[in-house]
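Enquirer: Counting from 2, one number per residue, gives the positions in the sequence shown under this note's numbering. Every residue gets a Cβ at the ideal spot worked out from N, C-alpha and C, and that includes glycine. The structure displayed is predicted, hence computed values, not measured ones. Take this structure, written in structure tokens, and hold onto it; I'll ask about it next.
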Amino acid sequence: MAAAVVGVMSILILPLPPAVMDVLLAFNVSISILILLISLALKQPLDFTVFPSLLLITTLFRLGLNVATTRLILGSGGEGAAAAGSIIEAFGRFAVGGSLIVGAVVFTILMVVNFAVITKGSGRIAEVAARFTLDALPGKQMAIDADLAAGNITEQAARSRREALQREAEFFGAMDGSSKFVRGDVVAGLVITIINIIGGLVAGMARDGLSLADAFETYTVLTIGDGLVSQIPALLVSTAAGIVVTRAGSGTHLGMEVAQQIFGESRTLGFASVILAIFALLPGMPFMPFMGLAAGGFALSRRRKKGADAAKPTPVESDKPTGDRLQDLISIDVLELEVGHALLPLIDLERGGELPGRVTTLRRQIASDLGVMLPPVHLRDNLRLDAHEYRIRLRGMEIGKGTAYADRLMALDPVGAQPHLEGVDCVAAREPAFGLPAVWIPTESRTQAEIAGLTIVDPASVLTTHLSEAIKKNAHELVGRQEVQDLLGVVGKESPKLVEDVIPNTVTLGEFVRVVRGLLRENLSVRDLGSVLEAVADAAPRSKDPVFLVEQVRRRLFRQITGRVADAMGMVHAITLDRESEELLRRSLGASDGEAVLAPDIDTARRLVAELEKMAARQAAEGRSAVVITSPDLRRPLFEFGSRFVNDLFVITARELTPGTSVQPVGTIELGNRAVGRAA
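Okay, structure coming up:
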């Protein structure tokens, strides 16, 4: 390409002999025909993304040829019409046809058609296409995000669509600019033609001693030939530019589309044939041309009608679902968010719905926090739900539900009290993710609520937060063998020996999946999967029990655990158990499927739940998670018991904290003769 540009610049400077000029002019015509044929065969504009650059280069090439031919015409025109080359002479003689007036008229018509019709029209189309493409860009990007959030496309498909969207915007923007070069080329050709005629007359009479008539005939023939050999390729390229910018992606080329859309309707062809037959019968009209076209149109109409009838499918009744229908009936979406009809504005992009974009961001955030990529969340309406109700489902089963108002805002008291606003139409509610008291207020009351010190949350954020907490609580159910295998594939690219030593040489894939699930079950990230593999490799020789391996991995992840439970100052605010309570719980330990579980009597269980809920609520009011510190043998059984009643519960041991971490007791659970806990 660089050589081509240098060659074009050389044409502008160096004098060329007529033989070389003939080759270059023939090449110019050939490349123009090729560009036109390519534009006709395009299935979509993006199949010819080099066209704007090619348009600029061919325009520069034609201008270079114009300069070179002008040099030949004015420099050697007095020697005869062949002095400027055989192609220019042939085009000039053919167009003139024995009459300079006819040749001039033909040339003028071509110039007007190219300048006033084709280049102006294609330039305007390119300008409008570029403007509308850029205006539609945000909406198309939001549609891609919505399809990704709804699970209609994969991450790779979304990335490909974004890249195609970017290429489309760049292409039409470039076409808008390059169309100006084509229009300028036509103007330059017209100016060069006038210069050739005037300059030729002056040179012919003053330098070559020709008469006015001889000079006019010689230089006009050469000028018309030069103009035609330049304007015909320009006309072809301008037509190609118009075709490219007017094409819409349809999967077929222009010829097939024209045949399908113009000749595809048999009824329209029949009407056109009747009209042509009427023209044939009018007095003075030539009979054969019109009647021949009418007969051909009628025959084509009958053929199209027979083809359409044969293509109609024969209806087959069956009360058994086909394979595809059966698959649709039994398939289950992994994650779903269903909303009532009043909440549709939250998921409808055309109505400014923010939820699809929020869900996409949430998936990325959870992938960063927990180290696993979530499956797409399908957003859909459900007419069986109440108008303001929504439901979160995992593999078809409900894992969360709540009520929200698309036209209201949620207000919460920062201290956890029931919010109250005088004179405001409030709807009492509870924040669905954490159960805090709240109210739904009209949007116009936002300023009043903020002045009152309340925290305002929009409905999309309410649903996103609830969805986030529901997913985190059940993240372990979203990870199976395939997902873990994908994670191992990522680690294996950097540490292939580590993965090979652990799986399957040390533990099986199934055992490692249980370890990963156990970590996610307690809201721990597996993003640093290399450390998890190292810990499993070190602990597996002692026991391959997944519960034991999880406990050993937790000790390796002590920094992560400390970061999860400590505040900004590095302090852990923890709930403790007194010695008597730990002994009581230790005596209530049982076994289920080989795992230790808490099985206290009803009275002890009731008191333990009450204490956990009370102290967890106190911690939540201060913006902290409930953290319980206990001995290693009680840690997992206590978590399994307490997590069924308390959200966002962490049960840890002292050995799972970074050395030197300060622990501030916030309450002590006492399950002995006293039925209430003692606050620290």
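Count the C-beta pairs between the region 621 to 641 and the region 576 to 583 that are closer than 8 angstroms, then say yes if the count reaches three, no if not.
Expert: These segments touch.
Enquirer: Met292 to Ser31, Cα distance in whole Å?
Expert: Stepping through the sequence shown from its first residue, residue 292 is reached at position 291. Stepping through the sequence shown from its first residue, residue 31 is reached at position 30. Computed Cα separation, rounded: 38 angstroms.
Enquirer: List the residues that DSSP assigns as beta-bridge partners of Thr577.
Expert: Against the sequence shown, residue 577 aligns to sequence position 576. Paired residue(s): Ile630 and Thr669.
Enquirer: Between which two residues does the beta strand (DSSP E) holding Leu338 run?
Expert: As a first step, residue 338 must be located in the sequence shown, where it is residue number 337. Here the beta strand (DSSP E) through Leu338 covers Leu336 to Val340.
Enquirer: Find the nearest neighbour of Val667 within the set Gly661, Arg556 and Glu612, judged by alpha-carbon distance.
Expert: Here residue 667 refers to the residue found at position 666 of the sequence shown. The shortest Cα separation from Val667 among Gly661, Arg556 and Glu612 belongs to Glu612.
Enquirer: Based on Cα-Cα distance, which residue from Pro46, Ser179, Thr60 and Leu635 lies nearest to Pro53?
Expert: Here residue 53 refers to the residue found at position 52 when the sequence shown is read from its first residue. Considering only alpha carbons, the answer is Ser179.
Enquirer: Straight-line CA distance for Arg431 to Gly673?
Expert: Working through the sequence shown from its first residue, we reach residue 431 at position 430. Working through the sequence shown from its first residue, we reach residue 673 at position 672. So the alpha carbons of these two residues sit roughly 34 angstroms apart.
Enquirer: Measure how close the beta-carbons of Gln486 and Leu510 come, nearest whole angstrom, since I'm counting them as under 8 angstroms.
Expert: Here residue 486 corresponds to residue number 485 of the sequence shown, with the count starting at 1. Here residue 510 corresponds to residue number 509 of the sequence shown, with the count starting at 1. Rounded, the Cβ-Cβ distance is 7 angstroms, consistent with contact.
Enquirer: Rounding to the nearest angstrom, what Cα-Cα distance links Leu635 and Glu523 in this structure?
Expert: What you label residue 635 is simply residue 634 of the sequence shown in a count that begins at 1. What you label residue 523 is simply residue 522 of the sequence shown in a count that begins at 1. Going by the C-alpha atoms only, they are around 15 angstroms apart.
Enquirer: Considering only C-alpha positions, which residue in the set Leu586, Glu623 and Leu64 is nearest to Ala606?
Expert: In the sequence shown, counting from the first residue as 1, residue 606 sits at position 605. Measuring from the Cα of Ala606, the nearest candidate turns out to be Leu586.
Enquirer: Could you tell me whether the region 394 to 412 touches the region 423 to 440, where touching means 3 or more Cβ pairs closer than 8 angstroms?
Expert: Yes, since at least three Cβ pairs between the region 394 to 412 and the region 423 to 440 fall closer than 8 angstroms, the two stretches touch.
Enquirer: Assuming Ile32 is part of the beta strand (DSSP E), what are its boundary residues?
Expert: In the sequence shown, the residue the question calls residue 32 occupies position 31. Ile32 -> not in any beta strand (DSSP E); alpha helix (DSSP H) instead, spanning Pro19 to Ala42.
Enquirer: Would you tell me roughly how many angstroms separate the C-alpha atoms of Gln232 and Val187, rounded to the nearest one?
Expert: Taking the first residue of the sequence shown as position 1, residue 232 is located at position 231. Taking the first residue of the sequence shown as position 1, residue 187 is located at position 186. Roughly 7 angstroms separates the two Cα atoms.
Enquirer: Along the chain, where does the beta strand (DSSP E) that runs through Ala592 open and close?
Expert: Here residue 592 refers to the residue found at position 591 of the sequence shown. That run of the beta strand (DSSP E) goes Leu590 to Ser593.
Enquirer: Can you tell me whether Ile333 is helix, strand or coil according to DSSP?
Expert: Against the sequence shown, residue 333 aligns to sequence position 332. Three-state result, Ile333: coil.
Enquirer: In this structure, does DSSP put Ala611 in helix, strand or coil?
Expert: Against the sequence shown, residue 611 aligns to sequence position 610. In the structure shown, Ala611 sits in a helix (DSSP, three-state: H, G or I).
Enquirer: Under a three-way DSSP split, which group does Phe651 fall into?
Expert: As a first step, residue 651 must be located in the sequence shown, where it is residue number 650. It is a strand residue.
Enquirer: Considering only C-alpha positions, which residue in the set Thr219, Met257 and Gly481 is nearest to Leu375?
Expert: As a first step, residue 375 is located in the sequence shown; it is residue number 374 there, counting from the start. Here the closest residue by C-alpha is Gly481.
Enquirer: So the candidates are Thr109, Asn29, Ser40 and Asp227; which of them puts its Cα closest to the Cα of Arg72?
Expert: Start at 1 with the first residue of the sequence shown, and residue 72 comes out as number 71. Checked all of Thr109, Asn29, Ser40 and Asp227; the closest Cα to Arg72 is Asp227.
Enquirer: So, Pro460 versus Ala405, is the Cβ gap smaller than 7 angstroms?
Expert: For this step, residue 460 is matched to residue 459 along the sequence shown. For this step, residue 405 is matched to residue 404 along the sequence shown. Yes, Cβ-Cβ distance for Pro460 and Ala405 is below 7 angstroms.
Enquirer: Between Leu61, Thr50 and Gln45, which has its C-alpha nearest Met10's C-alpha?
Expert: Within the sequence shown, the letter at position 9 stands for residue 10. The residue with the shortest Cα to Cα distance from Met10 is Leu61.
Enquirer: Whole-angstrom Cβ separation of Val554 and Val566, contact assumed at under 8 angstroms?
Expert: Here residue 554 is taken as the residue at index 553 of the sequence shown, counted from 1. Here residue 566 is taken as the residue at index 565 of the sequence shown, counted from 1. About 17 angstroms separates the two Cβ atoms, so there is no contact after all.
Enquirer: Grouping DSSP H, G and I as helix and E and B as strand, with all else coil, what is Gly228?
Expert: Against the sequence shown, residue 228 aligns to sequence position 227. Correct three-state label for Gly228: helix.
Enquirer: Determine the burial state of Gln620: buried for a count of at least 16 other Cβ atoms within 10 Å of its Cβ, exposed for fewer.
Expert: Position 619 of the sequence shown, counted from the first residue, corresponds to residue 620. The residue in question, Gln620, is buried, as its Cβ has 16 or more Cβ neighbours within 10 Å.
Enquirer: Out of Ile193, Lys498 and Ala137, which one is the CA nearest neighbour of Asn67?
Expert: Reading the sequence shown from its first residue, position 66 is the one you call residue 67. Comparing Cα-Cα distances from Asn67 to each of Ile193, Lys498 and Ala137, the minimum goes to Ile193.
Enquirer: Please confirm if the region 331 to 344 is in contact with the region 381 to 395, defined as three or more CB-CB distances below 8 angstroms between the two stretches.
Expert: Segments in contact, yes.
Enquirer: Assign Thr444 to buried or exposed, taking buried as 16 or more other Cβ atoms, counted over all protein chains shown, within 10 Å of its Cβ.
Expert: As a working note, residue 444 is residue 443 in the sequence shown. It counts as exposed.
Enquirer: What does the alpha-carbon distance come out to for the pair Pro139 and Ala655?
Expert: To locate residue 139, count along the sequence shown from 1; it is residue 138. To locate residue 655, count along the sequence shown from 1; it is residue 654. Their backbone Cα atoms lie some 51 angstroms apart in a straight line.
Enquirer: Using only the alpha-carbon positions, how far apart do Ala278 and Phe92 sit?
Expert: Counting from 1 along the sequence shown, the entry for residue 278 is found at position 277. Counting from 1 along the sequence shown, the entry for residue 92 is found at position 91. Taking the straight line joining both Cα atoms gives about 40 angstroms.
Enquirer: Checking 7 angstroms against the spacing of the C-beta atoms, do Glu596 and Lys545 come in under that value?
Expert: Translated into positions along the sequence shown, residue 596 becomes position 595. Translated into positions along the sequence shown, residue 545 becomes position 544. No.
Enquirer: Considering Ile400, what are the terminal residues of the beta strand (DSSP E) in which it resides?
Expert: Reading the sequence shown from its first residue, position 399 is the one you call residue 400. Its beta strand (DSSP E) spans residues Met398 to Thr404.
Enquirer: For Ala137, tell me which candidate among Arg588, Gly205 and Gln167 has the shortest Cα-Cα distance.
Expert: Here the question's residue 137 lines up with position 136 in the sequence shown. The candidate whose alpha carbon is nearest that of Ala137 is Gln167.
Enquirer: Does DSSP put Ile504 in a helix, a strand or coil?
Expert: Taking the first residue of the sequence shown as position 1, residue 504 is located at position 503. If DSSP states are grouped into helix, strand and coil, Ile504 belongs with coil.
Enquirer: Inspect the beta-carbon positions of Leu521 and Ala476 and report whether they are closer than 7 angstroms.
Expert: Position 520 of the sequence shown, counted from the first residue, corresponds to residue 521. Position 475 of the sequence shown, counted from the first residue, corresponds to residue 476. A contact, by the Cβ cut-off of 7 angstroms.
Enquirer: Tell whether a beta-carbon distance below 7 angstroms holds between Leu609 and Pro638.
Expert: Residue 609 sits at position 608 when you count from the first residue of the sequence shown. Residue 638 sits at position 637 when you count from the first residue of the sequence shown. No, the pair does not count as a contact, with Cβ atoms beyond the cut-off.
Enquirer: Suppose you measure from the CA of Gln419 to the CA of Glu337; what does that come to, to the nearest Å?
Expert: As a position in the sequence shown, residue 419 is number 418, starting the count at 1. As a position in the sequence shown, residue 337 is number 336, starting the count at 1. Roughly 31 angstroms between the two C-alpha positions.
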